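Numbering (UniProt numbering), first residue to last: 1 to 487.
These notes are about the structure you will find just below.
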């Protein structure tokens, strides 16, 4: 791809690498029933496995270390944090933190289909530049957006990039933006960027401004909490390092796999166990898995998914939901996945999406991603998409080692972060994250997205602080919420 003809300049508070930025995040519970069938179709389209026309919007051509709390939105369907865009940096936006895409986009003030979310006002910034009038579409698991490429000063905590390329969106699929979310921040590699812009995190990394070229996530679970609000504390996102209070033991790092330049965060599935027994799955390039924080579920190749559910007594395909399986609700489905040498268990609550065709059968959290596709399984296209159903059970770390290598690491969650594969302490039916738990994790006052009312009620608002102020020159904390976007 041809890079934007604008030099990307980075301005940080210090000339040396800054300490990691730790950001609390928030989760959002569903305001309406989640459409898993549509989610699967969109994810297939996103990763090139669509067998039917994509439900695209009718787009009109115009002219031709930072650790942040984030929000868990709509029943663990996605997680978001905040960024500031423009000069002065007083326009704040909640954006999905998505390791499965590479573009940054936010809704524009001219967008008629973006709902009541926060919209970017170019006229209020002195550094806004529109670099193209060509309308560019971007497809995600849950729909499509379109807009024009621009550059702006983008800040996350005390990290700032001048002339950061992003898409200013003026058209979206119906229902794509829900609640207080204004866009998406892609955290994959620039090779898959639709805007040809270098991702925000890569700009920071290439300038050696991060203490370590790492990002890390701890995601909370509220799927089984009947009392959860639409937006709840979602965990933590760390930019430029890790948060040792959120995991225990060693981090198992696995080198990225796949042919060609770095694109997604790709690993190979090495083993799957169901009810304690190993299930035979494909290997090599046919087992490539995109580790995707912006996707709710786990999708896999047809033969492997069928083998997994065949190992669950009483399971069967759901005719009304192609690619999905259901199982007796009384069964605790115990599935573990490995990408290196260690098996990582998935909490049975994450495998149960709720009632299926009858009151006694429940929908499973792993669906057939490649169903009906004729794509060569050894093409290098990911056959697996591993989303939050798995990632809520581990502390995940994304490490870049330029120019040609990288890795993803998993570690067991610390006791107060939930412990891997087990219900999270403080995040259970009728429960809530305690202020003491959050204070232990961040050791700093916490800041919250402007519209995350549940976050301040759960954590308490720090006295005399705002949601956009850094707490120190090299550290910053803010909440991230989870939203209804299922990419």
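Don't be surprised by glycine CBs; every beta carbon is placed ideally from N, CA and C.
Values in this document were obtained by computation on a predicted structure and should not be read as measured data.
Check	Outcome
Here's the rule I'm using: 16 or more other beta-carbon atoms within 10 Å means buried, otherwise exposed. How should residue 188 be labelled?	buried
For residue 391, I'd like the list of residues in its chain whose CB is within less than 8 Å of its CB, leaving aside the five on either flank, ordered along the chain.	217, 219, 291 and 293
With which residues is residue 88 paired in a DSSP beta bridge?	Per DSSP, none; premise fails for residue 88.
If you run the structure through DSSP and keep just helix, strand and coil, what is residue 191?	helix
Less than 8 Å between the CB atoms is what I'm expecting for residue 336 and residue 273, so what's the real figure, rounded?	5 Å
When the Cβ atoms of the segment 393-403 are set against those of the segment 242-252, are three or more pairs found closer than 8 Å?	yes
Starting from the Cα of residue 196, find the closest Cα among 182, 167 and 176 and give me that residue.	167
Relative to the alpha-carbon of residue 23, which residue among 258, 406 and 158 has its alpha-carbon at the smallest distance?	158
Quick check on residue 411: buried or exposed, where buried means 16 or more other Cβ atoms within 10 Å of its Cβ?	buried
Could you check which residue in 214, 326 and 282 has the C-alpha nearest to that of residue 409?	214
Which complete beta strand (DSSP E) runs does the segment 344-374 hold, if anything under 3 residues is left out?	352-355, 361-364 and 366-368
Smallest Cα separation from residue 260: which of 239, 271 and 285?	285
Just the C-alpha distance for residue 92 and residue 118, rounded to the nearest angstrom, thanks.	8 Å
Inspect the beta-carbon positions of residue 121 and residue 86 and report whether they are closer than 9 Å.	yes
Measuring alpha carbon to alpha carbon, tell me which residue in 368, 25, 203 and 239 is nearest residue 308.	368
Would you report the Cα separation of residue 128 and residue 263, rounded to the nearest angstrom?	28 Å
Using 8 Å as the Cβ pair cut-off and three pairs as the minimum, do the segment 169-188 and the segment 106-115 touch?	yes
When you compare only the Cα positions, how much space is there between residue 370 and residue 99?	20 Å
Quick check: the Cα distance between residue 242 and residue 202, rounded to an integer number of angstroms?	17 Å
Decide if residue 191 is buried, meaning its Cβ has at least 16 other Cβ atoms within 10 Å, or exposed.	exposed
Give the DSSP-derived three-state secondary structure of residue 407 in the structure shown.	strand
Measure from the alpha carbon of residue 269 to the alpha carbon of each residue in 48, 280 and 275, then state which is nearest.	280
Hey, how far is the Cα of residue 306 from the Cα of residue 366?	10 Å
Please determine, among 298, 320, 297 and 324, the residue with the shortest C-alpha to C-alpha distance to residue 310.	324
In chain order, what residues of the same chain lie with their CB nearer than 8 Å to the CB of residue 364, ignoring the 5 residues before and after it?	309, 312, 315, 324, 325, 326, 327, 333, 351, 352 and 353
Grab the span of the beta strand (DSSP E) containing residue 318 for me, first residue to last.	Careful: residue 318 lies outside any beta strand (DSSP E) and carries neither H nor E.
What are the start and end residues of the beta strand (DSSP E) that includes residue 206?	Note, residue 206: premise wrong, no beta strand (DSSP E); alpha helix (DSSP H) at 200-206.
Hey, residue 43 and residue 299 are a contact pair by Cβ (cut 8 Å); roughly how many whole angstroms apart?	6 Å
Please work out which residues of its chain come closer than 7 Å, Cβ to Cβ, to residue 443, disregarding the five sequence neighbours upstream and downstream, and give them in chain order.	With a pLDDT of 40 at residue 443, under the threshold of 50, the modelled position of that residue is not reliable, and the figure given next carries that caveat. Excluding sequence neighbours, residue 443 sits near nothing in its chain.
Terminal residues of the continuous alpha helix (DSSP H) containing residue 304?	302-310
Give me the residue from 402, 320, 346 and 400 with the minimum Cα distance to residue 389.	346
In this structure, how does DSSP classify residue 137 when only helix, strand and coil are distinguished?	strand
Count the other C-beta atoms from every protein chain shown that fall within 10 angstroms of the C-beta of residue 415, then say buried if there are 16 or more, exposed otherwise.	exposed
Per DSSP, what are the beta-bridge partners of residue 271 in this structure?	338
Does the distance from the C-beta atom of residue 89 to that of residue 153 stay below 9 Å?	yes
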